[in-house]
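**Q** Numbering (full-length UniProt numbering), first residue to last: 1 to 187.
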Amino acid sequence: MKLTRLPLLLLAATLISSDLAFAASKFAIPATDEGLPGEGPIRRYGWFQNLWERKRSGWAKKVEQDQGALVFLGDSITQGWGDNMGNSFPGLKVANRGISGDTTRGVLIRMKEDVLSLNPKGVVILIGTNDLEEKASPEVIAGNLKLIIAELKKHNAKMPIILCNTFPSSASKRRPADQIKKINQLY
Numbered sequence: 001m002k003l004t005r006l007p008l009l010l011l012a013a014t015l016i017s018s019d020l021a022f023a024a025s026k027f028a029i030p031a032t033d034e035g036l037p038g039e040g041p042i043r044r045y046g047w048f049q050n051l052w053e054r055k056r057s058g059w060a061k062k063v064e065q066d067q068g069a070l071v072f073l074g075d076s077i078t079q080g081w082g083d084n085m086g087n088s089f090p091g092l093k094v095a096n097r098g099i100s101g102d103t104t105r106g107v108l109i110r111m112k113e114d115v116l117s118l119n120p121k122g123v124v125i126l127i128g129t130n131d132l133e134e135k136a137s138p139e140v141i142a143g144n145l146k147l148i149i150a151e152l153k154k155h156n157a158k159m160p161i162i163l164c165n166t167f168p169s170s171a172s173k174r175r176p177a178d179q180i181k182k183i184n185q186l187y
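1) Out of 150, 91, 106, which one is the CA nearest neighbour of residue 127?
2) Helix, strand or coil: which one does DSSP assign to residue 95?
3) Tell whether a beta-carbon distance below 7 Å holds between residue 132 and residue 108.
4) Does any C-beta atom of chain B lie closer than 7 Å to the C-beta of residue 132?
5) Ignore the nearest five residues each way along the sequence and tell me which others in residue 125's own chain have a CB closer than 6 Å to its CB.
6) Between residue 49 and the rest of its own chain, which residues show a CB-CB distance below 6 Å, the 5 nearest in sequence each way excluded?
7) In angstroms with no decimal places, state the Cα-to-Cα distance between residue 151 and residue 46.
8) Taking residue 86 as the reference, which of 76, 98, 69, 75 has the closest Cα?
9) Output the distance between the C-alpha atoms of residue 187 and residue 137, rounded to the nearest integer angstrom.
10) Which residue marks the beginning of the alpha helix (DSSP H) containing residue 51, and which one marks its end?
11) Output the boundary residues of the beta strand (DSSP E) element that contains residue 122.
12) Once you ignore the five residues that flank residue 25 on each side, which residues in its own chain have a CB closer than 8 Å to its CB?
13) Measure from the alpha carbon of residue 140 to the alpha carbon of each residue in 184, 59, 115, then state which is nearest.
14) Are the CB atoms of residue 71 and residue 97 within a distance shorter than 7 Å?
15) Buried or exposed: where does residue 145 fall if 16 or more other Cβ atoms within 10 Å of its Cβ makes it buried?
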């Protein structure tokens with residue numbers, strides 16, 4: 001009986017220690033909303049936490065390389081444009097900072113390390129559709145977009161910023177067209 005318990009105890013200890021290491025990571029999603037900028041949802045699903053940390057820790061290794069880049073900032077649509085999207089912009093350094101599943105509040109949380117640390121030449125923003133799926137109102141989403149832009153302007157008032165409209169989405173994804181239209185009207 002004791003031999004059966006030992007492997008289970010070792011497995012539990014390993015899982016607990018790996019969870020603690022993840023939580024202690026500089027790039028882990030904060031455990032609570034306390035003290036975080038903005039309003040609305042922050043995704044804390046296991047798959048998203050893993051992706052968030054993997055992407056952000058990888059980007060941290062490229063801060064010097066990506067200095068002065070045109071930064072594309074957003075969610076899965078942006079991430080889907082790929083890491084080699086610079087090939088579409090000859091002569092221009094490009095850094096893709098899209099994370100699939102991210103929200104406007106998630107972008108606010110990661111602005112300093114993922115964007116501002118690059119001293120970007122400009123920023124293209126496409127974010128907001130996942131907020132709707134998590135039941136954020138268009139007003140909350142627009143408010144977070146205003147905070148994102150204010151943070152960018154505070155860093156460099158002359159930096160070009162392009163805010164893309166939130167794309168239409170299928171109703172099956174719980175992103176109603178009227179709500180998307182309202183986000184785009186609010187900002």
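C-beta atoms are modelled at their ideal positions from N, C-alpha and C, and glycine is treated no differently.
Just so it is clear, the structure is predicted and the values come from calculations on it, not from any experiment.
**A** Answer, in terms of the structure:
1) Looking up residue 127 in the sequence shown gives position 127. Closest option to residue 127, judged by alpha-carbon separation, among 150, 91, 106: 106.
2) Here residue 95 corresponds to residue number 95 of the sequence shown, with the count starting at 1. In the three-state scheme derived from DSSP, where H, G and I count as helix and E and B as strand, residue 95 is classed as strand.
3) Residue numbering aside, residue 132 sits at position 132 when the sequence shown is read from its first letter. Residue numbering aside, residue 108 sits at position 108 when the sequence shown is read from its first letter. No, they are not a contact pair.
4) No chain B appears in the structure shown, which is made up of a single protein chain.
5) Translated into positions along the sequence shown, residue 125 becomes position 125. Answer for residue 125: 73, 163, listed in chain order.
6) Along the sequence shown, read from residue 1 onward, the residue named residue 49 stands at position 49. Only 29 meet the Cβ criterion.
7) Counting from one through the sequence shown, the residue named residue 151 turns up at place 151. Counting from one through the sequence shown, the residue named residue 46 turns up at place 46. Computed Cα separation, rounded: 29 Å.
8) The count along the sequence shown starts at 1 and reaches residue 86 at position 86. If we check each option's Cα against that of residue 86, 69 comes out closest.
9) As a first step, residue 187 is located in the sequence shown; it is residue number 187 there, counting from the start. As a first step, residue 137 is located in the sequence shown; it is residue number 137 there, counting from the start. The alpha-carbon of residue 187 is positioned some 13 Å away from that of residue 137.
10) As a first step, residue 51 is located in the sequence shown; it is residue number 51 there, counting from the start. Residue 51 -> alpha helix (DSSP H) spans 46–60.
11) Translated into the one-based positions of the sequence shown, residue 122 becomes position 122. Segment 122–126, the beta strand (DSSP E) holding residue 122.
12) For the purposes of this step, residue 25 is taken as the residue at position 25 of the sequence shown. Here residue 25 has 53, 57 as same chain residues with Cβ atoms under 8 Å from its own Cβ, once five neighbours each way along the sequence are excluded.
13) Position 140 of the sequence shown holds residue 140. Distances from the alpha-carbon of residue 140 to those of 184, 59, 115 put 184 closest.
14) Your numbering for residue 97 matches position 97 in the sequence shown. Your numbering for residue 71 matches position 71 in the sequence shown. In contact: residue 97 and residue 71 (Cβ atoms closer than 7 Å).
15) The residue given as residue 145 occupies position 145 in the sequence shown. With at least 16 other beta carbons inside 10 angstroms of its own, residue 145 counts as buried.
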